[in-house]
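First residue of the sequence shown: 1, per full-length UniProt numbering; consecutive thereafter. From the three backbone atoms N, C-alpha and C, an ideal C-beta is built for every residue, glycine too. Inspection log for the structure reproduced underneath, given as structure tokens.
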Amino acid sequence: MDCGQDGQHFCHKGDSGGFDSPLTTHLHPDGAHVTFSTQTTTFHWEGARGGFGDMTTLTRRGRRAEAAQGSDKKPDGEDPADRELSEDDSDGSKDMRLTLMEEVLLLGLKDKEGYTSFWNDCISSGLRGGILIELALRGRICLEPLSLRKKRLLERKVLLKSDAPTGDVLLDETLRHIKATEPAETVQTWIELLTGETWNPFKLQYQLRNVRERIAKALVEKGILTTEKQNFLLFDMTTHPVSNATEKQRLVRRLQESVLERWVNEPRRMDRRTLALLVLAHSSDVLENIFASLADDKYDVAMNRTRDLLDADPEVEAAKAGGAEMIWAVLAAFNKS
């Protein structure tokens with residue numbers, strides 16, 4: 001910038017895409033104070049005689065103000081449902097974001113071996129229940145509203161709220177199935193269809209295939225699992241040992257604290273994702289893996305509180321807590337099966 005006599009006009013490059021705006025300067029007699037004025041703004045600089053003073057400070061303040069204004073702007077295209085999902089973490093932690101299905105599988109995996117127990121025949125249906133709850137928490141599906149007939153949870157149909165993609169292949173595939181199904185189905189029916197446990201050959205198209213492997217690959221991409229080949233007598237099997245034990249330990253610790261130090265004694269006051277994960281861990285038969293590391297006295301307390309939580313009447317609890325109906329409907333479905 002060029003500086004001249006008092007009252008001389010200059011061109012100042014502004015933030016308006018390169019257009020020049022007239023700038024008027026006033027040089028004070030002592031040479032140490034300069035005032036710059038535009039139609040909307042006046043700057044007053046102080047410095048040594050013959051110089052412009054501390055331009056760095058002024059520039060820094062301006063940039064800080066711009067940053068503050070920019071932080072108030074909401075990103076374009078942000079999904080309110082996904083924003084609600086992020087706000088649902090009551091502990092304010094900055095842990096890696098995992099889906100409920102990823103968390104359930106991570107809890108069920110043997111750390112070094114990289115596979116779930118051969119005797120666990122519940123985790124497949126538990127993962128499908130997790131898909132339904134995850135979609136509900138993201139605002140994509142819901143149960144049909146209550147009417148004067150007051151249907152029970154397992155009689156109410158699953159309805160589509162939004163078909164906006166979630167970015168997760170399993171969630172989006174399930175969303176397409178729900179959207180294309182007429183008439184709508186119940187929670188229990190959807191768990192059976194997604195698992196492939198149906199006698200209707202025309203409904204086999206709804207089965208989600210290779211669910212565990214697809215979830216494991218997502219965890220590999222997030223740096224939590226790794227991929228190995230292990231030989232089991234006559235065949236080779238792909239396994240996924242835990243490579244980032246910190247994330248699994250953090251998950252286990254969060255669930256332990258939810259029924260110990262942070263126990264709230266009322267399901268409706270619990271964080272919804274934590275409540276859902278306890279329900280799914282029970283339904284997937286991996287609850288023992290969460291509390292196995294506790295001392296005997298804490299183990300007894302944790303198991304008793306979790307048992308009381310899971311023994312609650314889903315119909316009563318769903319009526320108390322808005323936004324948690326799908327969680328209790330999934331629990332009701334597993335209690336019946």
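Environment of residue i [buried if 16+ CB atoms lie within 10 Å]
i, result
"residue 339", "Here the chain covers residues 1 to 337 and nothing more, so residue 339 does not appear."
"residue 190", "buried"
"residue 197", "exposed"
"residue 270", "buried"
"residue 159", "exposed"
"residue 314", "buried"
"residue 322", "exposed"
"residue 267", "buried"
"residue 239", "buried"
"residue 149", "exposed"
"residue 284", "buried"
"residue 228", "exposed"
"residue 276", "buried"
"residue 246", "exposed"
"residue 202", "exposed"
In DSSP terms, what residue i is bridged to
i, result
"residue 236", "231"
"residue 141", "160"
"residue 246", "DSSP lists no partner for residue 246."
"residue 225", "242"
"residue 186", "157"
Distance between beta carbons of residue j and residue i, contact taken as under 8 Å
i, j, result
"residue 185", "residue 193", "7 Å"
"residue 332", "residue 153", "5 Å"
"residue 205", "residue 336", "Between residue 336 and residue 205 the Cβ distance is about 25 Å, and since that is not below 8 Å, they are no contact."
"residue 131", "residue 98", "Actually they are not in contact, since the Cβ atoms of residue 131 and residue 98 sit about 14 Å apart, beyond 8 Å."
"residue 305", "residue 259", "5 Å"
"residue 255", "residue 280", "Contact doesn't hold; Cβ gap of about 11 Å is too wide."
"residue 339", "residue 96", "There is simply no residue 339 to check, as the chain begins at 1 and stops at 337 in what is shown."
"residue 250", "residue 137", "No, residue 250 and residue 137 are not in contact; Cβ-Cβ is about 20 Å, not under 8 Å."
With three or more beta-carbon pairs closer than 8 Å as the criterion, would you say the stretch 122-133 touches the stretch 217-237? no
Under 8 Å: do the stretch 113-122 and the stretch 137-155 share three or more Cβ pairs, one atom per stretch? no
With a floor of 3 residues, list each beta strand (DSSP E) that falls wholly inside the stretch 298-328, ordered by position along the chain. none
With three or more beta-carbon pairs closer than 8 Å as the criterion, would you say the stretch 101-116 touches the stretch 258-268? no
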